[in-house]
Each structure stands twice: as structure tokens, then as C-alpha cells.
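Below: the structure, in C-alpha cells.
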Amino acid sequence: MASESGTLYLGVTNNLERRVCEHKSDLIEGFSKKYQCHRLVYFEEYEKIDQAIEREKQVKKWNRSKKESLINRINPGWKDLSW
């Protein structure tokens, strides 16, 4: 998820549609609400939750530039993919 100013939020969920709605509605207190991360700009799907968690940990360790490169390969305009 990204804010209009480019702040990034990274997380794992078992229901992407529900989680995006929670972010857009600011239903969950925390980072994404504070920084208004309302646009789904990138996502990956995994069969098993442990794979998703491992990937989340990996990407969270990356610097900003590497995260931006990942997003730009799939979504260069950073359009909201939830619509």
C-alpha cells in the first residue's frame, strides 16, 4: 500500500480484498492509517502463509530504492490496483 506522498506499507493477509478495504477505510489503527496508505500499488500471491511471511520479511529489509524498483516493474505509474 502507498500514500499519495509515496509512503509505503507492507503486510501479509489471507484476504486481499478485505484488507485493502480496511486500509482505505482507516479501520485499523497504526502505520497505514497514520500515513494514509490507501493505494494498492503492488501485491504477490502465495499458496502457503509461511512463504508469504518469509517474502514479507525479505522485502521489509530492502532499501527504499529496491522496493520502488519492484513496484515499478509491475506498476510504473503506481496506479491503484484495487479498482
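Note that the numbering used here has the sequence shown beginning at 5, numbered continuously upward.
Every residue, glycine too, gets a C-beta built ideally from N, C-alpha and C.
Alpha-carbon to alpha-carbon, residue j and residue i
{"i": "Arg43", "j": "Ser69", "result": "19 Å"}
{"i": "Glu51", "j": "Trp87", "result": "23 Å"}
{"i": "Glu58", "j": "Glu48", "result": "12 Å"}
Chain-order list of residues whose beta-carbon lies under 6 Å from that of residue i (same chain, five-residue window excluded)
{"i": "Lys37", "result": "Asp30"}
{"i": "Leu85", "result": "Leu44"}
Candidates the options, of which the one nearest residue i by Cα
{"i": "Val16", "options": "Tyr39, Ile78, Lys71, Lys64", "result": "Lys64"}
{"i": "Leu12", "options": "Glu72, Ile78, Pro80", "result": "Glu72"}
{"i": "Ala56", "options": "Leu14, Phe35, Met5, Leu74", "result": "Leu14"}
{"i": "Glu2", "options": "Gly34, Phe35, Ser9, Met5", "result": "Examination of residue 2 is not possible in this model, given that the chain is present from 5 through 87 alone."}
{"i": "Tyr39", "options": "Asn67, Ser7, Val24, Cys25", "result": "Ser7"}
Own chain partners of residue i with C-beta closer than 7 Å, once the 5 adjacent residues on each side are dropped
{"i": "Lys28", "result": "His42"}
Cβ-Cβ distance between residue i and residue j below 7 Å
{"i": "Tyr46", "j": "Asn79", "result": "yes"}
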